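Some notes on the structure that comes next.
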Amino acid sequence: MKEEFWKAIVECDPNYDRLFFYGLSTTGIFCKPSCKSRTPKREHVKIYYAAPDAIAAGFRPCKRCRPSEPTWKSAEEDAATRLLEMIHDCYNQPVTLREMASRLYVSPFYLQRCFSRCMKITPGKYLTRIRMDEAKKQLLETDRNVSMIASGVGFRNSAYFAAVFQKETGCTPTQYRLQQKKQEKTGTTR
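With the first letter of the sequence shown counted as 1, position 177 gets the number 171 in the numbering used here; the numbers rise by one all the way through.
Quick look at the structure:
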């Protein structure tokens, strides 16, 4: 599960209500991210992009937030949702807003505006966030070199990846890996 989705669940963020649902394996119930029920344990959460998918997986709708009731989705929200799904599907490939807009049969300007209004972040910044989250995960969980990780998260140039990583985290990928491993050994976390 993406960190952003988990944050939306914990904060009961209604901005994500039309973007995904979450099912709880312990109760067999699925909810909207804005549901005011008790915060679930992360390991019990499964993400679905449509209510029928959650129902098909054996979950029943929550009686509190009623996620299966139809909601009207504007054209802007639909475009933002489709771009969000596309970003999650292809963050590991070099891709441009123009290419994604072309796949969705809309202009890049329109897509940028829709996404920014609905998500309160630009598509480029969101894509960078997703890529950086995955890069951090790979730096900690694998021994792959920085160049391999850079290409694995959609960067064509490892030097540019390192510059973006440093701008986002305040340290180079190699420094990040060393700091995190050092903190693991001493038992402290950031």
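The beta carbon of each residue, even a glycine, is placed where N, CA and C say it ideally should be. These numbers come from a predicted model, not from an experiment.
Query: Where Phe103 sits in the DSSP three-state scheme; Result: helix
Query: Closest by C-alpha distance to Arg186, when choosing among Glu79, Lys114, Ala69, Gly118; Result: Residue 186 lies beyond the range of the chain shown here (-5 to 184); nothing can be said about it.
Query: Classification of Ala51 by the beta-carbon crowding that lies within 10 angstroms, buried from 16 upward; Result: exposed
Query: According to DSSP, residues forming a beta bridge with Gly17; Result: Phe24, Lys40
Query: Span of the alpha helix (DSSP H), counted from its first residue to its last, around Gly148; Result: Gly148 -> no alpha helix (DSSP H), and no H or E assigned at all.
Query: Buried/exposed call for Lys26, threshold 16 Cβ in 10 Å; Result: buried
Query: Reduced DSSP secondary structure (H/G/I, E/B, other) of Arg76; Result: helix
Query: Candidates Lys57, Gly22, Cys29, Thr75, of which the one nearest Lys40 by Cα; Result: Gly22
Query: Same chain, Cβ closer than 7 Å to Phe24, neighbours up to 5 away in sequence not counted; Result: Phe15, Tyr16, Gly17, Tyr42, Ala48, Phe53, Pro55, Cys56, Pro61
Query: Extent of the continuous alpha helix (DSSP H) to which Gly118 belongs; Result: 117 to 135
Query: Beta carbon of Ala156 nearer than 8 Å to that of Thr163; Result: no
Query: Distance, Thr20 Cα to Tyr120 Cα; Result: 31 Å
Query: Simplified DSSP state of Pro88, which is helix, strand or coil; Result: coil
Query: Whole-number beta carbon distance between Arg125 and Tyr85, since they are thought to touch under 8 Å; Result: 6 Å
Query: Contact set for His38: own chain, Cβ-Cβ below 6 Å, skip 5 residues either direction; Result: Leu18, Ser19, Thr20
Query: Sheet register partners of Pro55 (DSSP bridge); Result: Phe24
Query: Coarse secondary structure for Glu162, derived from DSSP in three states; Result: helix
Query: Residue environment, Thr168, which counts as buried when at least 16 other CB atoms sit within 10 Å; Result: exposed
Query: Counted within 10 angstroms of its Cβ, other Cβ atoms place Gln132 as buried (16 or more) or exposed; Result: buried
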